[in-house]
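Sequences listed follow chains A and B, in order. Per this note's numbering, residue 1 is the first one in the first sequence, and the count goes up by one each step. Per this note's numbering, residue 204 is the first one in the second sequence, and the count goes up by one each step. Just so it is clear, CB atoms sit at the ideal spot from N, CA and C, and this is done for glycine as well. What you are looking at is a predicted structure, and each value in this text was computed from that prediction instead of being measured. Take a look at the structure set out below.
There are 2 protein chains.
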Amino acid sequence: MTETPVVHIVDDDDAMRHSLEWLLKPLGLEVKTYASAASFLSNHDRDRVACLVTDVRMPGMSGLELHEALAKAGSTMPVIVITGHGDVPMAVRAMRAGAIDFIEKPLNNQLLIERIHEALRLARARRDEAGQIAPIRARFSALTAREREVACLVAAGRQNKMIAHELGISLKTVEIHRHNAMDKMGATTGADLARMLTLAGAI
Amino acid sequence: MTETPVVHIVDDDDAMRHSLEWLLKPLGLEVKTYASAASFLSNHDRDRVACLVTDVRMPGMSGLELHEALAKAGSTMPVIVITGHGDVPMAVRAMRAGAIDFIEKPLNNQLLIERIHEALRLARARRDEAGQIAPIRARFSALTAREREVACLVAAGRQNKMIAHELGISLKTVEIHRHNAMDKMGATTGADLARMLTLAGAI
DNA sequence: GCAAGTTTAGGGGTTAACCCCTAAGCGCCT
DNA sequence: AGGCGCTTAGGGGTTAACCCCTAAACTTGC
């Protein structure tokens, strides 16, 4: 039931990739290695619980650019940045972009493993949250404009009579839109609808 | 109506405190300076929209320790760390603790001003959010155990009859607890209650 | 232009929620 | 021992919400 989490390793140094693979595999983690940022971006599976460990200095796209590209592509995958020749501005740039940690080589294996577990915990938490909210958002965006409007007012705690007055339509019409919205959202009561829209950030 | 935000400066170097004061005052910001972390912790006003700019190396408590002490005390004040002699682990520690930025001296004034504005925007956003949620939490914790139980089930979308069955009590009793809970929470409808409890993270 | 979907509106009945009242049993504290 | 607050429960009435039905005006797209 608990799927194995994946640790993606991006480093142009073959020896480093292999050494990290040997370090992490015995921990029961699935390890996938890539020699370049481009290779990772086009080949990794977006639907797994995973984290990314990337070197900074690489031919082509750097680890920091990879991190930013990943975020821009809408991924929330936790990232750990490692580097042989780091400096303060580089570390700050990585951390401001949301990295879990910025670790200098030679790597402290225990620290790296700890950070990887932290990253995977975060990845699980984000997947669980997204698994709750994404379907709600999808159903919400499938509502018609009027249904959204009515649903938001219901969720804000207005009663049908008030909504009819605010929108300048009849009580009967509000009842229709409310019923259709709750049907499409899979809500059984107004409170249920309110919980969903609040979770989705619609109100 | 818009209260002036405060920039707290903590640095043991008199010249640096004065220079930052001269830099920031003309921007319409209220500046308060402290020569030590302890002086800041015991003298600053917790109720203002504010950010903290702190040096790392100081006699007594360091800037990093100050940041961690502030977080431990429950403050969400955004922190900018500045330092004359920084290194990568120090920068990472500051950023992992949640600092907005870690800036090395000599300071780039434009960058610092930009980060201070970013920090104050964040402070305003956090105050606005807390201003919504804190009173809800307070009212929620003022409910009796049974009222909380009923309120959570209402907010989860159950109807009174189901709640009565789940709790093994009569419909009439559920109606009483529901009414009292909604009264104490200031909710006008079940949807209103659901929105509040979802915002407060009670369900 | 017709088909499909959206928005609008009503009739009429059932169920759930809300509001007023009383009231008993229980634990806790002064 | 009496008061206070919480929990429990009911009677009885009003209002709001829900459910089934029809149906017209309007937009969008093939």
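Between the options, which lies nearest to residue i when the distance is taken from Cα to Cα?
| i | options | result |
| --- | --- | --- |
| B:Glu271 | B:Ala302, B:Pro292 and B:Asp290 | B:Ala302 |
| B:His288 | B:Ala274, B:Glu307 and B:Ala300 | B:Glu307 |
| A:Ile82 | A:Ala151, A:Ala91 and A:Asp128 | A:Ala91 |
| B:Leu244 | B:Lys375, B:Gly371, B:Met264 and B:Gly231 | B:Met264 |
| B:Ala384 | B:Thr279, B:Arg361 and B:Cys355 | B:Cys355 |
| B:Arg296 | B:Leu255, B:Arg327, B:Gly266 and B:Ser239 | B:Gly266 |
| B:Arg186 | A:Ala142, A:Ala164, A:Asn43 and A:Ala187 | Because residue 186 of chain B is not part of the residues shown, which for chain B are 204 to 406, the question remains open. |
| A:Phe140 | A:Ala164, A:Asn108, A:Arg121 and A:Asp183 | A:Asp183 |
| A:Ala128 | A:Thr76, A:Asp14 and A:His44 | Residue 128 of chain A is actually Asp in this sequence, not Ala. Among A:Thr76, A:Asp14 and A:His44, the Cα nearest to that of A:Asp128 is on A:Thr76. |
| A:Ala15 | A:Ser39, A:Ala71 and A:Pro106 | A:Pro106 |
| B:Ala322 | B:Pro338, B:Phe305, B:Ala337 and B:Asp290 | B:Phe305 |
| B:Ala300 | B:Arg324, B:Gly334 and B:Ala274 | B:Ala274 |
| B:Ser222 | B:Glu317, B:Arg324, B:Asn311 and B:Gly334 | B:Asn311 |
| A:Ala130 | A:His44, A:Asp45, A:Glu114 and A:Gly74 | A:Gly74 |
Which residue marks the beginning of the beta strand (DSSP E) containing residue i, and which one marks its end?
| i | result |
| --- | --- |
| A:Asp101 | Asp101 to Glu104 |
| B:Phe211 | Contrary to the premise, residue 211 of chain B reads as His rather than Phe in this sequence. B:His211 -> beta strand (DSSP E) spans Val209 to Val213. |
| A:Lys32 | Glu30 to Tyr34 |
| A:Asp55 | Ala50 to Asp55 |
Could you give the C-beta distance for residue i and residue j, rounded to a whole number, given that I count them as a contact under 8 Å?
| i | j | result |
| --- | --- | --- |
| A:Leu66 | A:Val10 | 7 Å |
| A:Arg137 | A:Ala200 | 5 Å |
| B:Thr401 | B:Ala345 | With a Cβ gap of about 19 Å, B:Thr401 and B:Ala345 do not count as contacting. |
| A:Val88 | B:Val291 | 6 Å |
| A:Ala191 | B:Gly393 | 4 Å |
| B:Ala397 | A:Ala194 | 4 Å |
Quick one: residues in its chain with C-beta nearer than 6 Å to the C-beta of residue i, no 5 flanking neighbours on either side, listed in chain order?
| i | result |
| --- | --- |
| A:Arg48 | Val6 |
| A:Arg146 | His177 |
| A:Leu167 | none |
| A:Arg126 | Thr76 |
| B:Pro281 | Cys254, Ile303, Ala322, Leu325 and Ala326 |
What are the start and end residues of the alpha helix (DSSP H) that includes residue i?
| i | result |
| --- | --- |
| A:Val174 | Leu171 to Met185 |
| B:Ser222 | Asp217 to Leu227 |
| A:His67 | Gly63 to Lys72 |
| B:Ser242 | Ala240 to Asn246 |
| A:Gly244 | Residue 244 of chain A lies beyond the residue range present for chain A, which begins at 1 and ends at 203; the question has no answer from this structure. |
| B:Ala367 | Asn363 to Leu370 |
Might you give, ordered along the chain, the residues of its own chain that have their beta carbon closer than 7 Å to the beta carbon of residue i, omitting 5 neighbours on each side?
| i | result |
| --- | --- |
| A:Arg160 | According to the sequence as given, residue 160 of chain A is Asn; it is not Arg. Excluding positions up to five away in sequence, the list reads Leu171, Val174, Glu175 and Arg178. |
| A:Thr33 | Ile9, Arg17 and Glu21 |
| B:Val353 | Ile366, Val377, His380, Arg381 and Ala384 |
| A:Met196 | Ile136, Met185 and Ala187 |
| A:Ile133 | Leu199 and Ala200 |
| A:Met95 | Phe102 |
| B:Leu315 | Ile306 |
| A:Ala38 | Gly60 and Met61 |
| A:Thr144 | none |
So, for residue i: in the same chain, excluding its five sequence neighbours on each side, which residues have a beta-carbon less than 8 Å away from its beta-carbon?
| i | result |
| --- | --- |
| B:Ser239 | Val213, Asp215, Met261, Pro262, Gly263 and Met264 |
| A:Ile116 | Val7, Leu24, Leu29, Cys51, Val53 and Ile80 |
| B:Thr207 | Gly231, Leu232 and Glu233 |
| B:Arg249 | Ser278 |
| A:Asn43 | Tyr34 |
What residue ranges within the stretch 284-359 of chain B form continuous alpha helix (DSSP H) runs of no fewer than 4 residues, ordered along the chain? 291-299, 312-344 and 348-358
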